[in-house]
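Student: Sending over a structure as structure tokens; questions will come in a sec.
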Amino acid sequence: MRKVIWLLGVLLLLIGVSGTVDYLFYQPFFGFILNSVNRWVIPNIGFLAGYELYANLTVAAVGAALAISAYRSN
7 MRKVIWLLGV
17 LLLLIGVSGT
27 VDYLFYQPFF
37 GFILNSVNRW
47 VIPNIGFLAG
57 YELYANLTVA
67 AVGAALAISA
77 YRSN
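Take any residue in the sequence shown, note its place counting from 1, add 6, and you have its number in the numbering used here.
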């Protein structure tokens, strides 16, 4: 179970970083998967309008926290 949480955290970290890069520049690599939150979730949530960069960085931070906590748990 710890490995699954770690993989989920790493995936969220990659999605958040890729969404940030896609928001600031153009991200051509694995756009369908890694930019899914940036392209389909964030625009459909009203209170995140105008805060796309912060939302992507928050997804990355949550992913990093999940990955670190799963790695460090006994």
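Where a beta carbon is used, it is the ideal one built from N, C-alpha and C, also for glycine. Since the structure is predicted, the reported quantities are computational estimates derived from the model, not experimental observations.
Residue range of the alpha helix (DSSP H) that N62 falls in?
Tutor: In the sequence shown, residue 62 corresponds to position 56, counting from 1. Residues 58-78.
Student: Using the beta-carbon count (16 or more within 10 Å), is V10 buried or exposed?
Tutor: As a first step, residue 10 is located in the sequence shown; it is residue number 4 there, counting from the start. It is exposed - the Cβ of V10 has fewer than 16 other Cβ atoms within 10 Å.
Student: Tell me which residue opens and which closes the alpha helix (DSSP H) that V16 is part of.
Tutor: Counting from 1 along the sequence shown, the entry for residue 16 is found at position 10. Counting along the chain, the unbroken alpha helix (DSSP H) around V16 starts and ends at 8-30.
Student: Go to F38, then tell me how far its alpha helix (DSSP H) extends in each direction, as first and last residue.
Tutor: The count along the sequence shown starts at 1 and reaches residue 38 at position 32. Start and end: 37-40.
Student: Indicate the three-state DSSP secondary structure (helix, strand or coil) for I48 in the structure shown.
Tutor: To locate residue 48, count along the sequence shown from 1; it is residue 42. Correct three-state label for I48: helix.
Student: Rounded to whole angstroms, what is the Cα-Cα separation between V68 and L30?
Tutor: If you number the sequence shown from 1, residue 68 lands on position 62. If you number the sequence shown from 1, residue 30 lands on position 24. Between V68 and L30, the C-alpha separation is close to 20 angstroms.
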